[in-house]
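Number of protein chains: 2
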Amino acid sequence: MAEAPGDIEQLIDLMARLPGLGPRSARRAVLLMLKKRGAVMAPLATVMAQVAVSARDCARCGNITNSELCEICRDERRATGELCVVEDVADLWALERGGAFKGRYHVLGGTLSALDAVGPDELRIPRLVERVAEEGITEVILALNATVDGQTTAHYIADVLTASGVSLTSLAQGVPIGGELDYLDDGTIGAALRARKRF
Amino acid sequence: MAEAPGDIEQLIDLMARLPGLGPRSARRAVLLMLKKRGAVMAPLATVMAQVAVSARDCARCGNITNSELCEICRDERRATGELCVVEDVADLWALERGGAFKGRYHVLGGTLSALDAVGPDELRIPRLVERVAEEGITEVILALNATVDGQTTAHYIADVLTASGVSLTSLAQGVPIGGELDYLDDGTIGAALRARKRF
Ligand SMILES: [Zn+2]
Ligand SMILES: [Zn+2]
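Taken in sequence, the protein lines are chains A and B. Numbering-wise, the first sequence is residues 1 to 199 according to this note's numbering. Numbering-wise, the second sequence is residues 200 to 398 according to this note's numbering.
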């Protein structure tokens, strides 16, 4: 049995590792790329290679950026004293799409997890404690997912920050039990943010 | 509102054009790539750039290949006199996965469509007529999708090839009404092929 040439098989295998694409949809995606070599495949390869080199984590908040600091950390108008703690960059993007939050972020890079042996030092928790001390932060909004690991992480951070005297809040109404921020509509996220409650 | 850096937005936009990926899953795919820059993103960009340059249509059958002729056309054991006509390369791959067909293929590159102004010359129908005359073909299997356009195309090809005296068959039991070959399991495709009937 002969299928695709080796490099195309390799391309399909790599595409199939992306979330949302199984082997079948990876094949369809690759076939579409092959049909649109000039309009889709070549630019995609170019941009991807460029991003692979240029993208890095913001040295302050962990957001994705091409510079030392991300656009939000460079924007002085966002030094409001409010710091929104999220699990990952997808959640940061979701909050930015909502457009309701005017402060800055802190991207943990995951949640604490006994099962996966993720402790505070694997996340950006020590850096968060430093930032609260150094940046004149008055309020930390714990915008973690309403999952067990998300809430465990929120409680751990609340404990660690109690001594700092900073005000701790969390997203309130609108986040369903077990809900992940990135799957909520923008209006729901905005409402949850505006109605945030003391943690 | 600040979202991702420009090149990452561009990458998300290009990914969202692939079948099976909307804007949301494109963002998730890009974030996973950003997390796995070394293991996924860099190799993906490299292979994609390579395929964009090396992939071409087999000069004989229209299959995707890196050479003048595809692996199946280069394999003399597959000169069985049977020629299987499919709409696109996805269908060829589906039949190859089934493993039941030992002959060669002819990839039309689509179906006739009045709506999309696709006539016989936009497909590889003239080339099919030549091949039947030149390659000692005894049987043409019309393995087109069981859709209106697929069946219109099958009937058109049958008309065009009547004068050649070649035996015309089509896939039989197992292909559901409106069914697309690429979505069938391999066993079904094999059964349909073995039970093929005169067209
Ligand atoms: Zn930043
Ligand atoms: Zn070929």
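Ideal Cβ positions, reconstructed from N, Cα and C, are used throughout, including at glycine.
Find the residues of chain B that neighbour residue i, judging by a C-beta separation of less than 8 Å, and give them in chain order.
i              : result
G20 (chain A)  : G219, L220, S224, R227 and A228
R37 (chain A)  : A251 and A254
A143 (chain A) : The contacting residues do not exist; A143 (chain A) stays about 16 Å from chain B at best.
A204 (chain A) : Past the boundaries of the shown model lies residue 204 (chain A); chain A is included only from 1 to 199, so the question cannot be answered.
I want to verify the contact list: residues of chain B whose CB lies under 9 Å from the CB of residue i, in sequence order.
i              : result
D7 (chain A)   : V246, Q249, V250, S253, A254 and N265
A158 (chain A) : None at all; the shortest Cβ gap to chain B is about 27 Å.
Straight-line CA distance for residue i to residue j?
i              : j              : result
S363 (chain B) : A332 (chain B) : 7 Å
E139 (chain A) : R28 (chain A)  : 48 Å
G190 (chain A) : N145 (chain A) : 15 Å
A203 (chain B) : V229 (chain B) : 11 Å
E71 (chain A)  : V53 (chain A)  : 18 Å
V89 (chain A)  : A293 (chain B) : 38 Å
A16 (chain A)  : R97 (chain A)  : 28 Å
E180 (chain A) : A100 (chain A) : 18 Å
M1 (chain A)   : T310 (chain B) : Any answer about M1 (chain A) is weak, because its pLDDT of 47 lies below 50 and its placement is not dependable; what the coordinates show is given next. In a straight line, the C-alpha of M1 (chain A) is about 26 Å away from that of T310 (chain B).
A55 (chain A)  : L233 (chain B) : 8 Å
T346 (chain B) : Q50 (chain A)  : 42 Å
I324 (chain B) : R276 (chain B) : 24 Å
V223 (chain B) : L92 (chain A)  : Note that residue 223 (chain B) is Arg in the sequence shown here, rather than Val. Cα to Cα, the separation comes out at about 14 Å.
S369 (chain B) : K36 (chain A)  : 30 Å
E329 (chain B) : C272 (chain B) : 15 Å
L220 (chain B) : L21 (chain A)  : 8 Å
P218 (chain B) : L18 (chain A)  : 13 Å
A238 (chain B) : C58 (chain A)  : 21 Å
V47 (chain A)  : A225 (chain B) : 14 Å
L168 (chain A) : G109 (chain A) : 20 Å
G150 (chain A) : Y382 (chain B) : 38 Å
I356 (chain B) : R397 (chain B) : 14 Å
L128 (chain A) : L161 (chain A) : 9 Å
I431 (chain B) : D274 (chain B) : Any question about residue 431 (chain B) goes unanswered here, given that chain B covers just 200 to 398.
E68 (chain A)  : T351 (chain B) : 59 Å
R196 (chain A) : L231 (chain B) : 29 Å
L115 (chain A) : G81 (chain A)  : 34 Å
Using a Cβ cut-off of 7 Å, pull out every chain A residue sitting near residue i, in sequence order please.
i              : result
A241 (chain B) : A52
L231 (chain B) : L18 and P19
Residues of chain B with CB under 7 Å from residue i, in chain order?
i              : result
Q10 (chain A)  : V246
L14 (chain A)  : V239, P242, L243 and V246
A192 (chain A) : Those within 7 Å of A192 (chain A) in chain B number zero; the least Cβ separation is about 17 Å.
So residue i contacts chain A; which residues on that side make the cut at Cβ distance below 8 Å?
i              : result
L370 (chain B) : The contacting residues do not exist; L370 (chain B) stays about 18 Å from chain A at best.
What I want to know is whether the C-beta of residue i ends up closer than 7 Å to one or more non-hydrogen atoms of ligand 4.
i              : result
I189 (chain A) : Absence of ligand 4 from the depicted structure is noted, with ligand 1 and ligand 2 being the only ligands included.
Residues of chain A with CB closer than 9 Å to the CB of residue i, please, in chain order.
i              : result
A278 (chain B) : Within 9 Å Cβ-Cβ: nothing; A278 (chain B) doesn't reach chain A, min ~14 Å.
A313 (chain B) : Within 9 Å Cβ-Cβ: nothing; A313 (chain B) doesn't reach chain A, min ~21 Å.
A316 (chain B) : Here the premise fails: no neighbours, minimum Cβ distance about 17 Å.
Is residue i close to chain C? Criterion is C-beta to C-beta, closer than 8 Å.
i            : result
A4 (chain A) : In the structure shown, chain C cannot be found, because the protein chains are A and B.
Using 8 Å as the cut-off, can you tell me whether the segment 235-244 of chain B makes contact with the segment 8-21 of chain A, which would need three or more C-beta pairs spanning the two stretches below that distance? Taking a contact to require three or more Cβ pairs closer than 8 Å, the segment 235-244 of chain B and the segment 8-21 of chain A qualify as touching.
Taking a cut of 8 Å between CB atoms, which residues from the segment 81-99 of chain A lie near chain B? Residues are counted here when their Cβ sits less than 8 Å from a Cβ of chain B; for the segment 81-99 of chain A these are D88, V89, A90, W93, E96, R97 and G99, given in chain order.
Give every residue whose Cβ lies closer than 5 Å to any heavy atom of ligand 2, listed in chain order. Counting every residue whose Cβ lies closer than 5 Å to a heavy atom of ligand 2, we get B:C257, B:R259, B:C260, B:N262, B:C269 and B:C272.
Within 8 Å, do at least three Cβ pairs link the segment 116-134 of chain A to the segment 260-279 of chain B? Below 8 Å, too few C-beta pairs join the segment 260-279 of chain B and the segment 116-134 of chain A to call them touching: fewer than three.
Counting Cβ pairs, one atom from each stretch, are 3 or more of them under 8 Å apart for the segment 102-111 of chain A and the segment 76-85 of chain A? Cβ pair count under 8 Å is three or more, so yes.
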